[in-house]
Amino acid sequence: DAGITQSPRYKITETGRQVTLMCHQTWSHSYMFWYRQDLGHGLRLIYYSAAADITDKGEVPDGYVVSRSKTENFPLTLESATRSQTSVYFCASSEPGGSYGYTFGSGTRLTVV
Amino acid sequence: GQQLNQSPQSMFIQEGEDVSMNCTSSSIFNTWLWYKQDPGEGPVLLIALYKAGELTSNGRLTAQFGITRKDSFLNISASIPSDVGIYFCAGRNYGGSQGNLIFGKGTKLSVKP
Chain A
3 DAGITQSPRY
13 KITETGRQVT
23 LMCHQTWSHS
33 YMFWYRQDLG
43 HGLRLIYYSA
53 AADITDKGEV
63 PDGYVVSRSK
73 TENFPLTLES
83 ATRSQTSVYF
93 CASSEPGGSY
103 GYTFGSGTRL
113 TVV
Chain B
530 GQQLNQSPQS
540 MFIQEGEDVS
550 MNCTSSSIFN
560 TWLWYKQDPG
570 EGPVLLIALY
580 KAGELTSNGR
590 LTAQFGITRK
600 DSFLNISASI
610 PSDVGIYFCA
620 GRNYGGSQGN
630 LIFGKGTKLS
640 VKP
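Here is the structure:
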């Protein structure tokens, strides 16, 4: 199916565990983004990528790692999950210039216990 | 970093009423976007604005790009229950990288039938 797909939709993990959230897009968009959404903070940019093998930090990158070996995939890894990383995570993609804005996935709700 | 001030934070209105929300910034933007997020989903682009003073409609929604380039407004006429959700504004700077799409914190709209 065409679009941007995030998996899993829901995840519960324990403090200290490594967890990877997946993002896959079928449009061959150059740019991809990871946001977290928390009450009172809106959407905050974690990392973004301009192309395969090019990534850059956003507003809140600490505790997260990204990679982009293929244009269509942009996984987000929490190396050692903490309770403060409990959030809803959104992946998005865009063409360069992004005149039409970003297209978002449906989100992953992550709970760290 | 840059911030968008979006107001109001929340609204609880009666079905059939008109709704107004706005975003302001201390910086100039060259693009303004309005998104809607349904419960449990990712934000979806509603309207994109590219020119100061531009007024664009999408059904019952009308958005304007402020003349000063530092603000934008979204109006919803004759609200219906499916208008419920969180509305986000987003702006992009002149010469900004893809990482510089700045989001407001959202306006949560509740509609009473």
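Each protein sequence line maps, in turn, to chains A and B. Position one of the first sequence corresponds to residue 3 (the numbering used here), numbered consecutively onward. Position one of the second sequence corresponds to residue 530 (the numbering used here), numbered consecutively onward. Even for Gly, the Cβ is constructed at its ideal location relative to N, Cα and C. This structure is a prediction, so every number in the text was calculated from the model and none was measured.
Mind listing the chain A neighbours of residue i? Cutoff is C-beta to C-beta under 7 Å, in chain order.
i                 : result
Phe632 of chain B : Gly44 and Leu45
Closest Cβ-Cβ distance between residue i and chain B: below 8 Å?
i                : result
Phe76 of chain A : no
Gly5 of chain A  : no
State yes or no: is the beta carbon of residue i nearer than 8 Å to at least one beta carbon in chain A?
i                 : result
Ala581 of chain B : no
Gly588 of chain B : no
Glu570 of chain B : yes
Leu603 of chain B : no
Phe594 of chain B : no
Gly635 of chain B : yes
Leu574 of chain B : yes
Leu562 of chain B : yes
Ala577 of chain B : yes
Using a 10 Å radius around the Cβ and a threshold of 16 neighbouring Cβ atoms, would you call residue i buried or exposed?
i                 : result
Lys641 of chain B : exposed
Ser608 of chain B : buried
Gly571 of chain B : buried
Gln20 of chain A  : exposed
Ser89 of chain A  : buried
Ser586 of chain B : exposed
Ile14 of chain A  : exposed
Tyr579 of chain B : exposed
Leu584 of chain B : exposed
Ile6 of chain A   : buried
Ile557 of chain B : exposed
Val548 of chain B : buried
Alpha carbon to alpha carbon, how far is residue j from residue i? Give it in angstroms, no decimals.
i                 : j                 : result
Thr57 of chain A  : Met550 of chain B : 34 Å
Lys634 of chain B : Ile596 of chain B : 22 Å
Asn559 of chain B : Pro568 of chain B : 29 Å
Thr636 of chain B : Gly42 of chain A  : 11 Å
Glu74 of chain A  : Gly109 of chain A : 17 Å
Ile615 of chain B : Gln566 of chain B : 5 Å
Tyr50 of chain A  : Pro98 of chain A  : 13 Å
Gly545 of chain B : Asp600 of chain B : 26 Å
Ser639 of chain B : Ala54 of chain A  : 41 Å
Ala94 of chain A  : Trp36 of chain A  : 6 Å
Gly44 of chain A  : Phe632 of chain B : 7 Å
Phe541 of chain B : Pro10 of chain A  : 33 Å
Ala83 of chain A  : Arg46 of chain A  : 18 Å
Ser555 of chain B : Arg598 of chain B : 10 Å
Gln87 of chain A  : Lys72 of chain A  : 26 Å
Leu80 of chain A  : Val67 of chain A  : 6 Å
Val115 of chain A : Gln543 of chain B : 39 Å
If contacts are defined as beta-carbon pairs under 8 Å, then residue i and residue j qualify, I think. What distance do you get, rounded to the angstrom?
i                 : j                 : result
Phe594 of chain B : Trp561 of chain B : 5 Å
Tyr91 of chain A  : Leu23 of chain A  : 6 Å
Gln538 of chain B : Cys552 of chain B : About 12 Å separates the two Cβ atoms, so there is no contact after all.
Arg589 of chain B : Ser611 of chain B : The Cβ separation is near 11 Å, so there is no contact.
Mind pulling the chain B residues with CB within less than 7 Å of residue i?
i                 : result
Ser108 of chain A : Glu570 and Gly571
Tyr104 of chain A : Leu630
Just the chain A side, please: which residues come within less than 9 Å of residue i by C-beta, in chain order?
i                 : result
Phe617 of chain B : Gly44 and Leu45
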